[in-house]
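In what follows, a structure is listed as C-alpha cells, so that the remarks can point back to it.
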C-alpha cells in the first residue's frame, strides 16, 4: 500500500508539501490527507491550509478544507440520479441537478439535459424539502432522441382549499396521473 518509489499510473501520489507517500486507492489517499495532513482540533494538529503542490487554499473550518481536498483526488462519489454524471463534492452535484428542471430549460432554451417534472425532485433541488425515494425522469422535448421515450406522465397540482372555518389551507397536494 505505502511506497516511496516513483508511482505507476495506477497509484495516487500525495503531493502535499514534504510528503512522498503513494496509495493504490484514491479513497485511501483522501483519508491520508484528512487524517495526516489536516488533522483534528481534538488532537492539536489541525491545519486549515491546503499544502497540496502550489494550492495554498485556507478555510475557516475543518469540514470546508476536507471538502476542498476532493479537488485534488480523482474520487467522484456524488452521482446524479438522472443522468449518472458524477461529482467530487455534494455542492457540485446539487448545482448540477438544477439543469434537469423545467425552470432551467425555460432560461436555457438550447439545453439538451433531461427535464424532470417530478414535484418531489424539483422541490428537493430548490431546497424546499428533503429527497424521498428514487427520482424518475419524465419525457420532455429535451429527452434524448436515441433513448426510447416512455409515455407522458403528467401531474396535477390542486389549489389550496378552504377549511371549514373559511381559512385557506396552505397544503399543496400533488398527484401523478399515469396515462396508460
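Residue numbers (this note's numbering): 1499 to 1678. Using N, Cα and C, we set each Cβ at its ideal position, and we do this for glycine too.
- Three or more pairs of CB atoms, one per stretch, sit closer than 8 Å, so the segment 1592-1599 contacts the segment 1608-1623.
- Residue 1593 has its alpha-carbon roughly 17 Å from the corresponding atom of residue 1618.
- Straight through space, the alpha carbons of residue 1543 and residue 1577 are spaced by roughly 33 Å.
- Closest in C-alpha terms to residue 1586, from the list 1554, 1620, 1562, 1569, comes 1569.
- Taken in chain order, the complete alpha helix (DSSP H) segments of 4 residues or longer contained in the segment 1575-1629 are 1588-1595, 1600-1605, 1617-1623.
- Residue pairing from DSSP leaves residue 1565 without any beta-bridge partner.
- About 13 Å separates the beta carbon of residue 1535 from that of residue 1521, a gap too long to meet the 8 Å contact definition.
- The straight-line gap separating the alpha-carbon atoms of residue 1557 and residue 1511 is approximately 23 Å.
- Taking 8 Å as the cut-off, the Cβ atoms of residue 1513 and residue 1551 count as close.
- Here residue 1571 is actually not in contact with residue 1515; their C-beta atoms are around 17 Å apart, not less than 8 Å.
- Nearest C-alpha to residue 1564 among 1588, 1518, 1601: 1588.
- With respect to the C-alpha of residue 1517, the residue from 1562, 1582, 1549, 1591 having the closest C-alpha is 1549.
- In the displayed model, residue 1547 falls within a strand according to three-state DSSP.
- Annotation for residue 1573: no alpha helix (DSSP H) segment contains it, and DSSP assigns it neither H nor E.
- The C-alpha of residue 1554 lies about 35 Å from the C-alpha of residue 1580.
- For residue 1603, the closest C-alpha among the options 1620, 1591, 1590 is that of 1620.
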